Amino acid sequence: MIKAVLFDLDGTLADTAPDLGHALNRQRIDRGLSSLTIDLVRTEASAGARGLLGLGFQIKPGDSGYEVMRDEFLNFYEERLCQDTRLFPGIAELLDQLEARHLLWGIVTNKPGRFTNPLLQQLGLSSRAACVISGGDTVNYKPHPEPLLAAMHVISVAPGECIYLGDDIRDVEASLAAGIEPIIAKYGYLGNDSEPPESWGAKYLIEHPKDLLKYL
């Protein structure tokens, strides 16, 4: 019996790409480059600063100047953390349904708590989530199972009693490693993985948040 639903944040619960894209484009404009479309930003939004800086500047961790660029990007993002970020259509109604059924729900994200906590506050979700595991709360990040295992510990459920909804192959890998049934949010970002999400290893994929209810 399912007792809890765990969610990824960026690209699953909330469309954060507009604000992430604004920060990235501010960097590009400052360097005489043109803005990238938000649709293009969405292809790397789930990968955080690493993926977005790779998209915008073809720079990666270990490259000269990467840390300076990353810190600047994060500071720009923090300045407008929830200006244009919105819950995906249908998420608010889904959360209402979960609570009406007395099911717990929580968030497991690689996004650092520096951003996760104020973002959830502004979205009105902080007091409703049964648990929030952010990047840095555990030693390892997804696709390692540790963040999901930590969430299950907080809400006292076993792997067979919860599901994890995410939009990236790392979400599926983390779920399977933790013994949780993964479900892919096809309405989300889906990253830039060369393989289609149907090949990631999850049995179930949903086109709209409301479709999750059939698996509870």
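In the working numbering, the protein residues as written are 0 to 215.
All residues carry an ideal CB built from backbone N, CA and C; glycine is no exception.
If you're wondering where the values come from, they're calculated on a predicted model, not measured in any experiment.
Secondary structure at Thr15, three-state DSSP: helix, strand or coil?
coil
Specify, as a first and last residue, the run of the alpha helix (DSSP H) that Ile75 falls within.
Per the sequence shown, the amino acid found at residue 75 is Phe instead of Ile. Here the alpha helix (DSSP H) through Phe75 covers Tyr65 to Glu78.
In angstroms, rounded to a whole number, what distance separates the CA positions of Gly105 and Gly134?
14 Å
Just to confirm the assignment, what range does the alpha helix (DSSP H) spanning Leu175 have?
Ile168 to Ala177
With H, G and I counted as helix, E and B as strand and the rest as coil, what does DSSP make of Asp95?
helix
Compute the distance between the beta-carbons of Ala103 and Ile154, then report whether it is under 8 Å.
Contrary to the premise, residue 103 reads as Leu rather than Ala in this sequence. Taking 8 Å as the Cβ cut-off, Leu103 and Ile154 qualify as a contacting pair.
Count the other CB atoms, across all protein chains shown, that sit within 10 Å of the CB of Glu43; report buried if there are 16 or more and exposed otherwise.
buried
If you draw a straight line from the alpha carbon of Phe56 to that of Pro181, how long is it in whole angstroms?
33 Å
Check the C-beta distance from Pro17 over to Thr84 and give it rounded, since I have them as a contact under 8 Å.
7 Å
Buried or exposed for Ala177, please, with buried defined as at least 16 other CB atoms from any protein chain shown within 10 angstroms of its CB.
buried
By DSSP's criteria, Gly134 is part of a beta bridge. Which residues make up the other side?
Pro111
Would Ile90 and Leu12 be called neighbours here (beta carbons separated by less than 8 Å)?
yes
The beta strand (DSSP E) enclosing Phe87, as first and last residue numbers
That residue, Phe87, is in no beta strand (DSSP E); it is neither H nor E in DSSP.
Under the three-state reduction of DSSP, which class applies to Ile58: helix, strand or coil?
coil
Residues in the same chain with beta-carbon distance under 6 Å from Val156, minus the five sequence neighbours each way, listed in chain order, please.
Lys2 and Ala3
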